[in-house]
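> Protein chains in written order, with our numbering: chain A, 1 to 301; chain B, 1001 to 1215.
Glycine residues also receive a C-beta, built at the ideal position from the N, C-alpha and C atoms.
Treat the numbers as computed from the prediction; the structure is a model and nothing was measured.
The structure's right below; bear with me while I get my questions together.
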């Protein structure tokens, strides 16, 4: 029986792999780099939690409704940014602005009723209420969610839609010249990515059982979501998983073992990130494949 | 500026850098919206349609500088060209038509498009355009950066495509070659048409000979 600490670490790895994979659909495959996925994440968490507390809606149903709220927000923000041709850094910043808007909105709203954060009433272990005393249950839930999203990415990457996304990512003008409705396909990527990210928000809420506005809508979570995808390899099926394993372990190791002075662990963490981005801009997955390919080439000649 | 293209023609628009040739094609394709005037196809207004609807009507642009997808294989690039619904149904036929026109692409079908030579990439870009089943194929500077031998080959293929019933609108800086093989031509200077006429006829024009051919 592994300790609760090990299970917690495993849950966090799978959780960020899941969020990275959700981001990857929009950012990696369709090439629209969002810097504000916290908006969908927080919206999902608050939708299911508020429905649960005030109307007794099961968090499972709340999760689906939160996903739909995410889709609506994704379509709205996507419509506004894509309609006016925002690309690259401009799109990234607009998404950041949407997340910040929601953060301020919820902060104002929540600080009246829940100044110390929004607690989810404890019921012990109850499948219906999506609550478990033993972290192991959460592990299996997030594992299933990760497998589902990975399978979806695998299917999408090989589908017509996936090919259109990659064409839009590689050269939007050429994609349009072929008759691909870039606007519609970018919105589709946005909707799927937002939906999945919002589901992740509900999982977070049920796992930690307390919601704090700045943690759910903050820049920190937006960055953490996209980092697993980018570090692992954006636009690859397993990149987010590889990235999440590397990042969570790195973060744990620096936190536990690097203790020269306060904040030193974060400096080491940041330094390693910079090195990865400089030397493996395609991500760790590509970095792992490189020696393998070199070997295959050496063997074939 | 006013220009018309009849079915089955090859029409060239020639002019120097910055004369507005590429903008003209983009306006027809719906990538830039004209501030005034109209683009019509067989009496139907195109200038209010989104780009993908214009492609569905058979008006297909092969962009300047080829713009192939370098990380995809030659075959995937071509298959992506068959995007409009009616083109998707005819994909196998279109593919064998492209293989016929460009046998070299068939040889390289499984290769990454980014590894092709400049001439092959241009062939791929044209082939990809053909996969959308165009009735009007608009080519933006197909000779750009290519060796004279390759340019000749590309222009021969354009003629063959035209002989198969595809109307061609060709935008070129290579005045000699493009006017030489066109039914009609337009000369563009600073955004307006300064000369129009039959292709070979324009080649004999004194203004063209001094300004563009230097003879």
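Residues of chain B with CB under 7 Å from residue 170(A), in chain order?
The contacting residues are 1069, 1071.
> Can you list, in chain order, the residues of its chain whose CB lies under 6 Å from that of residue 1106(B), leaving out five sequence neighbours each side?
Closer than 6 Å at Cβ, skipping near neighbours: 1099.
> Give the interface partners of residue 1055(B) over in chain A, defined as CB-CB distance under 9 Å, in chain order.
The answer, in chain order, is 176, 177, 178, 179, 180.
> If the criterion is Cβ atoms closer than 8 Å, does the pair residue 191(A) and residue 287(A) meet it?
In this structure, residue 287(A) does not lie closer than 8 Å to residue 191(A) by Cβ.
> Consult DSSP for residue 131(A) and reduce its assignment to one of helix, strand or coil.
Strand.
> Quick one: which chain A residues come within Cβ less than 8 Å of residue 1076(B)?
Correct list: 163.
> What separation, rounded to the nearest whole angstrom, lies between the Cα atoms of residue 1041(B) and residue 196(A)?
C-alpha separation (whole angstroms): 43 Å.
> Let's see if you can read the secondary structure: which residues bound the alpha helix (DSSP H) around residue 1109(B)?
Premise fails: residue 1109(B) is in no alpha helix (DSSP H) and is neither H nor E.
> Let me confirm a value: residue 126(A) is counted as buried when at least 16 other C-beta atoms fall within 10 Å, else exposed. Which label applies?
Exposed is the call here.
> DSSP has residue 1186(B) in a bridge; who is on the other side?
Per DSSP, 1013(B), 1196(B).
> Is it a yes or a no for the region 198-217 of chain A touching the region 75-94 of chain A, going by three-plus beta-carbon pairs under 8 Å?
Result no; under three Cβ-Cβ pairs closer than 8 Å.
> What number of angstroms, rounded off, separates the C-alpha of residue 1102(B) from the C-alpha of residue 44(A)?
Rounded to whole angstroms, residue 1102(B) to residue 44(A) spans 52 Å at the Cα level.
> Around the Cβ of residue 54(A), are there at least 16 other Cβ atoms within 10 angstroms (buried) or fewer (exposed)?
Exposed.
> How many angstroms separate the CA atom of residue 179(A) from the CA atom of residue 1055(B)?
So the alpha carbons of these two residues sit roughly 5 Å apart.
> Can you check the region 167-216 of chain A for any beta strand (DSSP E) of at least 3 residues that lies completely inside it and give the ranges in chain order?
Fully enclosed beta strand (DSSP E) runs of 3 or longer: not present.
> Just to confirm, is the Cβ distance from residue 29(A) to residue 169(A) under 8 Å?
It is a contact, given that the beta carbons lie within the stated cut-off.
> List the endpoints of the continuous alpha helix (DSSP H) containing residue 19(A).
Looking at the DSSP string, the run of the alpha helix (DSSP H) that includes residue 19(A) is 4-24.
> Shorter than 8 Å from the beta carbon of residue 167(A) to some beta carbon of chain B?
Yes, its Cβ sits closer than 8 Å to a Cβ of chain B.
> Near residue 1182(B), which residues of its chain fall below 7 Å by C-beta distance, leaving aside the five closest residues on each side in sequence?
Contacts found: 1010, 1011, 1012, 1170, 1199.
> Among 249(A), 284(A), 283(A), which one has its Cα closest to the Cα of residue 268(A)?
Measuring from the Cα of residue 268(A), the nearest candidate turns out to be 249(A).
> Compare the C-beta of residue 1128(B) against all C-beta atoms of chain A and say whether one is closer than 8 Å.
With 8 Å as the cut-off, residue 1128(B) counts as an interface residue toward chain A.
> Determine, using beta carbons only, whether residue 286(A) comes closer than 8 Å to chain B.
For residue 286(A), the answer is no, since every Cβ of chain B falls outside 8 Å of its Cβ.
> Just mark residue 277(A) as buried or exposed, buried being the case when its beta carbon has 16 or more other beta carbons within 10 Å.
So residue 277(A) ends up on the exposed side.
> Could you give the distance in angstroms between the alpha-carbon of residue 290(A) and the alpha-carbon of residue 296(A)?
Going from the Cα of residue 290(A) to the Cα of residue 296(A) covers about 10 Å.
> Spatial neighbours of residue 70(A) within its chain, please: C-beta separation below 7 Å, excluding the five flanking residues on both sides.
40, 43, 44, 194, 195, 197, 198, listed in sequence order.
> List the residues of chain A that residue 1050(B) touches, going by C-beta distances under 8 Å, in chain order.
Simply 181, 183.
> Taking DSSP as the reference, what is the three-state secondary structure of residue 1047(B)?
Here residue 1047(B) sits in coil by DSSP.
> Of all Cβ atoms in chain A, is any one closer than 8 Å to the Cβ of residue 1108(B)?
No, its Cβ sits nowhere closer than 8 Å to a Cβ of chain A.
> Suppose you measure from the CA of residue 207(A) to the CA of residue 76(A); what does that come to, to the nearest Å?
So the two alpha carbons sit approximately 29 Å from each other.
> For a contact meaning CB atoms closer than 8 Å, what does residue 1038(B) contact in chain A?
Here the premise fails: no neighbours, minimum Cβ distance about 21 Å.
> Mind listing the chain A neighbours of residue 1132(B)? Cutoff is C-beta to C-beta under 8 Å, in chain order.
Those are 178, 179, listed as they occur along chain A.
> Cβ of residue 224(A) less than 8 Å from any chain B Cβ?
Chain B contact via Cβ: absent.
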